[in-house]
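J.: These protein sequence lines are chains A and B, in that order. Basically our numbering = 1-based index in the first sequence + 500. In terms of our numbering, the second sequence has 473 at position 483, counting the first letter as 1, and numbering is strictly consecutive. Ideal Cβ positions, reconstructed from N, Cα and C, are used throughout, including at glycine. This structure is a prediction, so every number in the text was calculated from the model and none was measured. I'd like to ask some things about the structure below.
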Amino acid sequence: MSLLDRLTYVGDEEGPSFGEKLLSINWILVLLLTLLTGVGLAMLYSAASGSFEPWASRQAIRYGIGLTVLIVVALIDLRIWMRFAYAIYGFTFLMLVAVEAMGVVGMGAQRWIDLGIIQLQPSELMKIAVVLALARYFHGPTLEEVGHPTRLIVPIALVMLPVGLVLRQPDLGTAMMLMMVAGAIFFVVGVRLWKFLVVIGLGAAAVPLAWTLLHDYQRERILTFLDPERDPLGAGYHILQSQIALGSGGLFGKGFLQGTQAHLNFLPERQTDFIFTMLAEEFGLVGGVALLCLFVIVILYGVIIGLRSRTHFGRILAIGLSFNLFLYVFINVAMVMGLIPVVGVPLPLISYGGTVMLATMGAYGFIICVYVHRDVRVPRRGLQSEL
Amino acid sequence: MDRDVERFRCLTRRTLVLGGLQLGLFGVLGARMYVLQVSERERYAMLAEENRINVRLIAPSRGTIVDRTGEPLAVNDQNFRVVMVAEQSGDVDTTLARLSDIVDLSDADIRRVLRDVERRPAFVPVNVIDNLNWRQVSRLEVNQPELPGLSIEVGELRRYPYVEATAHVLGYVGAVSENEMTGDPVLALPGFRIGKTGIEREYEHELRGEAGTSQVEVNAVGRVIRELARDEGLPGAQVQTTLDIGLQDYAQRRLAGEESASAVVMDIHTGEIFAMASHPSFDPNLFTTGIDSATWATLRDDPRGRLSNKTVNGQYAPGSTFKMLVALAGLESGVIGPNASVYCPGYLDLGNHRFHCWRHWGHGRLGLNQALAQSCDVFFYDIARRIGIDTIAEMASRFGIGAPVGIDLPHESTGLMPNRAWKERQFDRPWQQGETLVASIGQGYVLATPLQLCVMVARMVNGGRAVRPHLAMRVGGPDGAPVDPPAPDLGIDPLWLGEVTRGMIAVTSDPRGTARGAQIPEEGMQMGGKTGTSQVRRITMAERMTGIIPNDQRPWDDRDHALFVGFAPVDAPRYAVAVVVEHGGGGSAVAAPIARDLLWETQRRAPGRPLTPEQTVATPGLGPPTGEG
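Written as structure tokens, this is what we have:
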């Protein structure tokens, strides 16, 4: 057996053949993702005042790359992903450490590794890697074992290590998302509810301490969220302008390319974090709700795929990644509507940004991979013939 | 397997709970959107409009100023200037360097531009250079491609075509200073100019007009995207002055022969000022383009009062031109009759003080007519001694001395007419009779502006009406109403006015008159008047002993002021004049010829409007001089 064969050997049970796999890719889901990206491209076209440059064209290319990644990820045997889950996690974690060391300073926080072609945000990849690692971990233990507190030390460490790193960057939004995704996974795998209550209680007790550890701009954002009028031209500006743009859109919006607030630059970051506001300004409540429904369908689809999988790893993976998408969408939309503080979370597939596009398409690659390999079984005690 | 089923069931159950939670949260998002976009839509729509619509002011075009015939005196020229938008220019330094090949840019200009560029957002136009000529404009236009971000804009620039001749009357416009910001937002416009002095200031409100507005859509950093609505506003009204620019120009040139002088010519019936000149003058156009501090200091510190309109701001002891008032006071109070006479030995002793006549060997016995003609001091000492200062002051104030006459110019000086109460108040000491004597020959505390003296003589020869001088004939174009205030009667017996008028005619007509050399030779245009020579410094006893040093041997600013007030024509007076030549020497030798030339030129030009019947009422008893004439 060659090394490659040994590395990729995942058991005697035959998976589906390549042709079968290609056919069994959930093309409807791919279509939905493409539809979302299309909406995103239209909004980026509008954000550039009716021009494909500079955003829409590049975003389209990224979508192409993302689609390739999705298909490749989907076609690789789920058991191989399972085998390398920890390795992927470890690699991503190292990249996160590298950001600390050699990251480029952008937007006041170190978040990117400059690879020349794209600036990679390891924290975005980490959101997938954590789900992979946790899915891998919880594939093993029975419900009874999960109930044993010592069994939770490793997964908590898996989460808290990257959380600690992104907090140092500092990226409050990603840290929160990581913890919430982990919480969701802990919840679905059967961790007792009282344990959550204990953690939440401890967390609440730690708020005053955390407050002192926050950066000034983070405190500012939270205070501003609580009272946006307190500094309408400063930190409150984003929230206020976003609400004005959104509210003035009305039921049916001002029409494509007609959003005055966005086009006159009152709306900050309209091509990234606040793109939903622009959509709601131009297409109104109807357009905004329609987009949210599209996301709900996509998220629901992922959850259903998860539930249909025969491997626990696949289930957790699909449900965790779907929840991840939900978090993106909810945090972003709630943020632009002034429901939660501005934390800098983009709207996947719609916002301009390479890493998020790649991460989202990659995540759905995994979900489709779960779908393709839905009937593959993997014993609870792990993969056969592990090295 | 049971264990697998068990945990799958748990997973499914909890996933459904989680999914429900997610759907619930999506519901929250939808509800929030509904609140923002439907319930509170109106409010946000309004905020959005306020966000994007910006009202900008358009500076109104300033009203022009014309003379009585419509000849423009203050106009608006197109001002071609170069403005630079830094963000379109890219490399500001290179662009400026290229520009300086075409127009003269000083290092200071470049520094100012660079500083402005740094201070303002990159899209805000910065003024680079003003007042380009056509040649520069065309060269700039040809070279436009090499001058990115530079554009030529047209603005307004005030220009005064008669330059020095109208500088004092019209005043000039200048940038709005901090304390002139009265809340009219148009004042805050960059480059806006307002009247600083003269008519430009007096009629600022009318000349300014009303700012228009332009509603523009702006983006978040204030860049104009497009214009949504425009209201042109109201251009400033035209102010037609009573000036006859030909006469004004003549007066200015006539005064130019002296070091420092001023003159006013007015219509005795209507109060219209035909000419108001003050020499030396300045170029008001310097102020509109921004004057440098060195030039400004030179103008300001000129001892001859270059920037001051001496016709309203120069205050002089009226000297002998004051004597008519003493005569009128004496006649009205009955202290003297028309035929009274006084013997002048050359002096009058009062207590232990001797008051000299200018002619220290005396005039002998003379009546009022000759006393005025020869300007005998003793005659008026005698009247003054008998009637007292308060009677004189009362008469003087009726003729406009000691209070602003109400000319439509800013900061008119009041002059000074002292009386007992004033002296008590001012010095806390009682009035001395000697001071009455000094005042009676227009010396001492008495001060009057040339305009006041002109008004004084006008009121004497127009039948005793309190005519008020004014400079604005119409405000707001041909439809504007003429500004002619009715002249109330001063209540002086026309007989007394006739006596005084004949005395003034004798000044120029009598062989012994002080201004006999200055009569207008042309028949029907002859003038009457009164000379005055006002001492600038006291003649000391020592000087009287050794002989008074002649004027032309004294330093300029020690010499006497020369004054003349007059009117013409003698048989139907229409015009009044006042001339003051600072340190000019004698009134008869210096001021009278100027007055003659002005009245002569005035009558040749005949600028006045036809009079109403009530205005043409001639002074009774006027005609060929009678009595001692």
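1) Step through the CB atoms of chain A and report whether any lies within less than 8 angstroms of the CB of Arg46(B).
2) Report the option in Ala552(B), Val560(B) and Met494(B) whose CA atom is closest to the CA atom of Glu512(B).
3) Under 6 angstroms Cβ to Cβ from Val842(A), same chain only, skipping five residues before and after it: list those, please.
4) Which one of Glu154(B), Tyr152(B) and Gly261(B) has the shortest CA to CA distance from Arg564(B)?
5) With DSSP as the reference, label Lys413(B) as helix, strand or coil.
6) If you measure beta-carbon to beta-carbon, which residues of the segment 683 to 712 of chain A are closer than 8 angstroms to chain B?
7) Would a C-beta distance cut-off of 8 angstroms place Glu196(B) and Gly226(B) closer than the cut-off?
8) On the DSSP bridge list, what partners appear for Ala558(B)?
9) In three-state terms, what does DSSP make of Leu6(B)?
10) Any idea what DSSP makes of Lys520(B), helix, strand or coil?
11) So which residues on chain A does Val206(B) lean against when the C-beta distance must stay under 7 angstroms?
12) Specify whether the segment 496 to 515 of chain B and the segment 578 to 591 of chain B touch according to this definition: at least 3 beta carbon pairs, one from each stretch, less than 8 angstroms apart.
13) Val107(B) to Val72(B), Cα distance in whole Å?
14) Give the single residue among Gln228(B), Val132(B) and Gln205(B) whose Cα lies nearest to the Cα of His219(B).
15) Could you check what DSSP says for Met607(A) in three-state terms: helix, strand or coil?
16) Which residue spans inside the segment 316 to 401 of chain B form an unbroken beta strand (DSSP E) run of at least 3?
17) Grouping DSSP H, G and I as helix and E and B as strand, with all else coil, what is Phe622(B)?
18) Cβ atoms of Leu297(B) and Ile263(B): under 8 angstroms apart, would you say?
19) Alpha carbon to alpha carbon, what distance is there between Pro622(A) and Asp(-6)(B)?
20) When DSSP labels each residue in this structure, what does Val118(B) get in the three-state scheme?
21) Please classify Gly507(B): does DSSP put it in a helix, a strand, or coil?
22) Hey, how far is the Cα of Gly608(A) from the Cα of Ile744(A)?
23) If you run the structure through DSSP and keep just helix, strand and coil, what is Glu249(B)?
24) Is Gln12(B) buried or exposed, if buried means 16 or more other CB atoms sit within 10 Å of its CB?
25) Which runs of the beta strand (DSSP E) fall wholly inside the segment 279 to 313 of chain B and span at least 3 residues, in chain order?
26) Residues of chain B with CB under 7 angstroms from Gly788(A), in chain order?
27) Measure from the C-beta of Gly10(B) to each C-beta in chain A and report whether the shortest distance is under 8 angstroms.
28) Tell me where the alpha helix (DSSP H) around Thr491(B) begins and ends.
29) Report back the beta-carbon spacing between Gly161(B) and Glu190(B) to the nearest angstrom; my notes put them in contact at under 8 angstroms.
30) If the criterion is Cβ atoms closer than 8 angstroms, does the pair Gly640(A) and Arg(-3)(B) meet it?
31) Within the continuous beta strand (DSSP E) that includes Ser271(B), where are the two ends?
32) For a contact meaning CB atoms closer than 7 angstroms, what does Thr642(A) contact in chain B?
33) Around the C-beta of Phe272(B), are 16 or more other C-beta atoms found within 10 angstroms, so that it is buried, or is it exposed?
34) At what residues does the beta strand (DSSP E) containing Arg544(B) begin and finish?
35) Just mark Asp367(B) as buried or exposed, buried being the case when its beta carbon has 16 or more other beta carbons within 10 Å.
36) Which same chain residues end up closer than 6 angstroms to Gln126(B) when comparing Cβ atoms and leaving out the 5 residues on each side of it in sequence?
T.: Straight from the coordinates:
1) Mapped onto the second sequence, residue 46(B) falls at position 56. Cβ-Cβ to chain A under 8 angstroms: no for Arg46(B).
2) Indexing the second sequence from 1 puts residue 512(B) at position 522. Out of Ala552(B), Val560(B) and Met494(B), the CA that lies nearest to the CA of Glu512(B) is found in Val560(B).
3) The residue labelled residue 842(A) in the question sits at position 342 within the first sequence. For Val842(A), where only same-chain residues beyond five positions count, the Cβ hits under 6 angstroms are Arg721, His738 and Met835.
4) Position 574 of the second sequence, counting from 1, holds the residue named residue 564(B). Looking at the Cα atoms, Gly261(B) is the closest of the given residues.
5) Walking along the second sequence from the start, residue 413(B) turns up at place 423. Three-state DSSP puts Lys413(B) in a helix.
6) Flagged, chain order: Ala684, Phe687, Val688, Val689 and Gly690.
7) For the purposes of this step, residue 196(B) is identified with residue 206 of the second sequence, where counting begins at 1. For the purposes of this step, residue 226(B) is identified with residue 236 of the second sequence, where counting begins at 1. Yes, the pair counts as a contact, with Cβ atoms nearer than the cut-off.
8) Translated into positions along the second sequence, residue 558(B) becomes position 568. The beta-bridge partner set that DSSP reports for Ala558(B) consists of Tyr565(B).
9) Sequence index remark: in the second sequence, residue 6(B) carries index 16 (1-based). If DSSP states are grouped into helix, strand and coil, Leu6(B) belongs with the helices.
10) As a working note, residue 520(B) is residue 530 in the second sequence. Lys520(B) falls in the strand class under three-state DSSP.
11) Here residue 206(B) refers to the residue found at position 216 when the second sequence is read from its first residue. Near Val206(B) there are no residues of chain A at all, since even the closest Cβ is about 11 angstroms away, more than 7 angstroms.
12) Segments in contact, yes.
13) In the second sequence, counting from the first residue as 1, residue 107(B) sits at position 117. In the second sequence, counting from the first residue as 1, residue 72(B) sits at position 82. If you take the alpha carbons of Val107(B) and Val72(B), they lie about 14 angstroms apart.
14) Start at 1 with the first residue of the second sequence, and residue 219(B) comes out as number 229. Looking at the sequence itself, residue 219(B) is Ala, so the reference to His does not match. In terms of Cα proximity to Ala219(B), the closest of Gln228(B), Val132(B) and Gln205(B) is Gln205(B).
15) Within the first sequence, numbered from 1, the residue matching residue 607(A) stands at position 107. Low confidence applies to Met607(A): its pLDDT is 45, below 50, so where it sits in the model is not reliable, and the reading given next is rough at best. The answer is coil: DSSP assigns Met607(A) none of H, G, I, E or B.
16) Qualifying beta strand (DSSP E) stretches, in chain order: 331 to 334, 337 to 340, 343 to 346 and 354 to 357.
17) For residue 622(B) there is no data in the structure shown, the boundaries of chain B being -9 and 619.
18) Translated into positions along the second sequence, residue 263(B) becomes position 273. Translated into positions along the second sequence, residue 297(B) becomes position 307. Leu297(B) sits away from Ile263(B), with the two beta carbons spaced by 8 angstroms or more.
19) Start at 1 with the first residue of the second sequence, and residue -6(B) comes out as number 4. Start at 1 with the first residue of the first sequence, and residue 622(A) comes out as number 122. Rounded to whole angstroms, the separation of the alpha carbons of Pro622(A) and Asp(-6)(B) is 34 angstroms.
20) As a first step, residue 118(B) must be located in the second sequence, where it is residue number 128. Here Val118(B) carries a strand assignment [DSSP, helix/strand/coil].
21) The sequence position of residue 507(B) within the second sequence is 517, counting from 1. Gly507(B): helix per DSSP, three-state reduction.
22) The count along the first sequence starts at 1 and reaches residue 608(A) at position 108. The count along the first sequence starts at 1 and reaches residue 744(A) at position 244. In this prediction, Gly608(A) scores a pLDDT of 46, lower than 50, which makes its location untrustworthy; the coordinate-derived value is nonetheless stated afterwards. CA-CA distance, Gly608(A) to Ile744(A), rounds to 27 angstroms.
23) Residue 249(B) sits at position 259 when you count from the first residue of the second sequence. If DSSP states are grouped into helix, strand and coil, Glu249(B) belongs with coil.
24) For the purposes of this step, residue 12(B) is identified with residue 22 of the second sequence, where counting begins at 1. Buried: at least 16 other Cβ atoms inside 10 Å.
25) Within the segment 279 to 313 of chain B, no complete beta strand (DSSP E) run reaches 3 residues.
26) Locating residue 788(A) in the first sequence gives position 288, where the first residue counts as 1. Contact of Gly788(A) with chain B by beta-carbon distance below 7 angstroms involves Met23.
27) Mapped onto the second sequence, residue 10(B) falls at position 20. Closer than 8 angstroms: no.
28) For the purposes of this step, residue 491(B) is taken as the residue at position 501 of the second sequence. Taken as a continuous stretch (DSSP letters only), the alpha helix (DSSP H) holding Thr491(B) covers Pro484 to Ser499.
29) Within the second sequence, numbered from 1, the residue matching residue 161(B) stands at position 171. Within the second sequence, numbered from 1, the residue matching residue 190(B) stands at position 200. Their Cβ separation, rounded to whole angstroms, is 4 angstroms, which keeps Gly161(B) and Glu190(B) in contact under 8 angstroms.
30) Within the first sequence, the letter at position 140 stands for residue 640(A). Within the second sequence, the letter at position 7 stands for residue -3(B). Not closer than 8 angstroms, so no.
31) Your numbering for residue 271(B) matches position 281 in the second sequence. Note, Ser271(B): premise wrong, no beta strand (DSSP E); not H, not E.
32) Position 142 of the first sequence holds residue 642(A). Residues of chain B passing the Cβ test: Arg(-7) and Arg(-3).
33) Taking the second sequence and counting its residues from 1, the one referred to as residue 272(B) is at position 282. Phe272(B) is buried by the Cβ-count criterion.
34) Looking up residue 544(B) in the second sequence gives position 554. Arg544(B) -> no beta strand (DSSP E), and no H or E assigned at all.
35) Here the question's residue 367(B) lines up with position 377 in the second sequence. The residue is buried, with at least 16 neighbouring Cβ atoms inside 10 Å.
36) The count along the second sequence starts at 1 and reaches residue 126(B) at position 136. The residues Val93, in chain order, have a CB closer than 6 angstroms to that of Gln126(B) in the same chain once the five nearest residues on each side in sequence are set aside.
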